[in-house]
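Structure record follows, encoded as structure tokens.
Protein chains in written order, with our numbering: chain A, 374 to 770; chain B, 374 to 770.
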């Protein structure tokens, strides 16, 4: 299948290109390298020493025996998107090309505005370009489980059938996102749903959980193939940040009470799931929604797991909760469905501690690179719009 | 009360300024005159010969004995919004400054992108500027009943309490808008709701029905005070367009089967309702939602009413349905709640035929202005992205 990956230089995008190539798919893609800039803006860097795109493409060819058809460009430029699709003629478009950080979007009005315009325009351009040039292709759009917020109900996969005052309908499940970034994903979901309804486009809207991991098997031992790994307050996510903290002896730092519940999945499972979506396209006009995660964990429980696994590697670290820079529920009901991908054949790896061990072992090699950007680990972007470094909370919390 | 109207040069904005001034409020506002440009772009003009702002402001002073503090500027320019609020110190901000047309937004990718950026950025700038300069002011945000779409359920006012798999929660009612314009209002609603939750802002999100009418009493006989009245395919709405058609003898033209149901209200009721919202502000952090309409009507039934009233004025016109340029349900369940405004004291005028007679009488004076832009009445913007003038349907339809 011909698969075009928007955001192919990113954590997921670069991994997916290799995962798909290994399975015989033709891969093309684009990127503007903004993620590299944003992480630098946060005073940080990828823990893994990622190569520039020209070297990546060379390594890709060496390892997978085929070219990755790459174009540098901006998804917010409609003609770039249109011409990329005309040239590549994709059967599937995987849209991983958005600004993915909640704190980054909450920094100030400029970052809020940038996030909103960047994410919405990219997706709208893709929808219009699909309508113009490849109406039968499918869109695999990366959303987030964060779109749902934390309602006091089970969370279905996108839609639910409800009775209200004696009548019944199937409606999109209400979404209550908690940052400007998460709101862009909600807006995208609404826009994509409408484009499918009005224009007959096909889409899989992926409500992805929090991804963790340093590698997938397809990277093998060629260090030129390594994917990025961020640990700063904006672009690092929970388990990845805990592991980065562990290797430099920084306390593992859940936010607030630390009993927030979230769905998680290893990088390799994310690849497996996206590939299942790509290989089993939706029908014309269908906008299906997958809740994509392996299991729900409590953020403090995960910190304890990282601490334990780190201990087996001789790394002794504490877990010390910090003030929560976000405004969110710290203790709440959380029970999202995740059946659609299992029905398509998803085999969860179900071995989080082994994955953590792989991660810690990989990261120990890059310890100096994390140490050099230690300051970037400590959050200071708060949901009230101020910038103040969080303090450690009393251990009783 | 000090009320700042964003979009004060518009159909609703200009009327509201007079309505509020008559009730003793201090009115300020801004506009970029984009509505004048968009209507010109559609090859049309306001049926009423509206004055330029300098003349309007002079007439305002003459009639209401006070100045309207006006600034020309762009809501998409954050510093303009911030400085306007700093200077005026509003207690209420009424946001009527968005691009309000579904067909305009559906024309092509450029108009879609413009609508999305213009509407979302304006609202985000207002939210941030409120947070910075007037956190206790209230936002009265104009949304639309179109945000809800046409679900097969009663439509509550913004939120509903539901049981799902044995658990209960109160959630935002799912919204399924049917044009890019309507989607911008959905996105705004989500953004405003979050700003209230995170920052404690106060907001009334008005899901307004379709407004009709040529005047409010406050305009009196000073023709310099007349508000705009659009009848083109983009900026004219159902009853207004039927009345414009009637005075030039053009067939009244419901779209498709013509059994779409929508909530409607006269211009004077819209003024009454917005003023009730302004004078009864929400609590800190509250984002309340009002469904603002007088009554639900069938689009064909309204055409028949206009035909009947026109007949009493000696205007003989036919009702002839045309192809529906939109993709929408033409026969559907529709039962939205509208209790919140009645609870605040809204007295619906409940006399649609008298209002139609006032409108037709007013418009007869401007018959030549409508006749001169007759072509603008016929829709050609279709929801599939093409431009083809609609044809009359067989009368059996």
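All C-beta atoms, glycine included, are put in the ideal place defined by N, C-alpha and C.
Sorted by chain position, which residues of the same chain lie with C-beta nearer than 6 angstroms to residue i's C-beta, five sequence neighbours on each side aside?
i	result
residue 464 of chain B	374, 375 and 510
residue 670 of chain B	637
residue 561 of chain B	496
residue 386 of chain A	378, 380 and 469
residue 751 of chain A	762
residue 607 of chain B	415, 474, 476 and 477
Given that a residue counts as buried once 16 or more other Cβ atoms are within 10 Å of its Cβ, and exposed if not, what is residue i?
i	result
residue 715 of chain A	exposed
residue 642 of chain B	buried
residue 406 of chain A	exposed
residue 557 of chain A	buried
residue 587 of chain A	buried
residue 541 of chain A	exposed
residue 674 of chain A	exposed
residue 523 of chain B	buried
residue 484 of chain B	buried
Would residue i and residue j be called neighbours here (beta carbons separated by less than 7 angstroms)?
i	j	result
residue 479 of chain B	residue 491 of chain B	no
residue 636 of chain B	residue 518 of chain B	yes
residue 559 of chain A	residue 550 of chain A	yes
residue 755 of chain B	residue 655 of chain B	no
residue 697 of chain B	residue 629 of chain B	yes
residue 650 of chain B	residue 600 of chain B	no
residue 531 of chain B	residue 657 of chain B	no
residue 739 of chain A	residue 413 of chain A	no
residue 749 of chain B	residue 474 of chain B	no
residue 760 of chain B	residue 753 of chain B	yes
residue 666 of chain A	residue 582 of chain A	yes
residue 525 of chain B	residue 706 of chain B	yes
Alpha carbon to alpha carbon, how far is residue j from residue i? Give it in angstroms, no decimals.
i	j	result
residue 690 of chain A	residue 604 of chain A	17 angstroms
residue 402 of chain A	residue 742 of chain A	28 angstroms
residue 647 of chain B	residue 513 of chain B	8 angstroms
residue 538 of chain A	residue 537 of chain B	14 angstroms
residue 726 of chain B	residue 444 of chain B	38 angstroms
residue 521 of chain B	residue 458 of chain B	31 angstroms
residue 501 of chain B	residue 430 of chain B	29 angstroms
residue 730 of chain A	residue 596 of chain A	19 angstroms
residue 396 of chain B	residue 580 of chain A	50 angstroms
residue 507 of chain A	residue 482 of chain B	16 angstroms
residue 535 of chain B	residue 423 of chain A	49 angstroms
residue 620 of chain A	residue 733 of chain A	7 angstroms
residue 710 of chain B	residue 527 of chain B	7 angstroms
residue 389 of chain B	residue 712 of chain B	22 angstroms
residue 476 of chain B	residue 617 of chain A	51 angstroms
residue 688 of chain A	residue 612 of chain A	16 angstroms
residue 660 of chain B	residue 533 of chain B	14 angstroms
residue 408 of chain A	residue 592 of chain A	21 angstroms
residue 393 of chain B	residue 433 of chain B	12 angstroms
With a cut-off of 7 angstroms, does the C-beta of residue i fall near any C-beta of chain A?
i	result
residue 710 of chain B	no
residue 563 of chain B	yes
residue 537 of chain B	yes
residue 700 of chain B	yes
residue 770 of chain B	Because residue 770 of chain B carries a pLDDT of 42, less than 50, the predicted location of this residue cannot be relied on, and the following value inherits that uncertainty. Output row for residue 770 of chain B: interface = no.
residue 542 of chain B	yes
residue 473 of chain B	no
residue 774 of chain B	For residue 774 of chain B there is no data in the structure shown, the boundaries of chain B being 374 and 770.
At a threshold of 6 angstroms, does residue i count as lining the ligand ADP (C-beta to nearest heavy atom)?
i	result
residue 529 of chain B	With respect to the ligand ADP, the structure shown offers nothing to examine, as it has no ligands at all.
Taking 7 angstroms as the CB-CB limit, is residue i close to chain B?
i	result
residue 560 of chain A	yes
residue 524 of chain A	yes
residue 451 of chain A	yes
residue 682 of chain A	no
residue 527 of chain A	yes
residue 721 of chain A	no
Near residue i, which residues of its chain fall below 8 angstroms by C-beta distance, leaving aside the five closest residues on each side in sequence?
i	result
residue 693 of chain B	624, 625, 626, 765, 766 and 768
residue 493 of chain B	557, 560, 561 and 564
Spatial neighbours of residue i within its chain, please: C-beta separation below 7 angstroms, excluding the five flanking residues on both sides.
i	result
residue 735 of chain B	587 and 588
residue 770 of chain A	Confidence in residue 770 of chain A is poor, its pLDDT being 42 and thus under 50, which makes the residue's placement too unreliable to answer from.
residue 454 of chain A	448, 498, 499 and 502
residue 529 of chain B	546 and 710
Item to check | Members of the stretch 494-515 of chain B that neighbour chain E once the beta carbon cut-off is set at 8 angstroms | outcome: Although the question refers to chain E, the structure presented lacks it and instead comprises the protein chains A and B.
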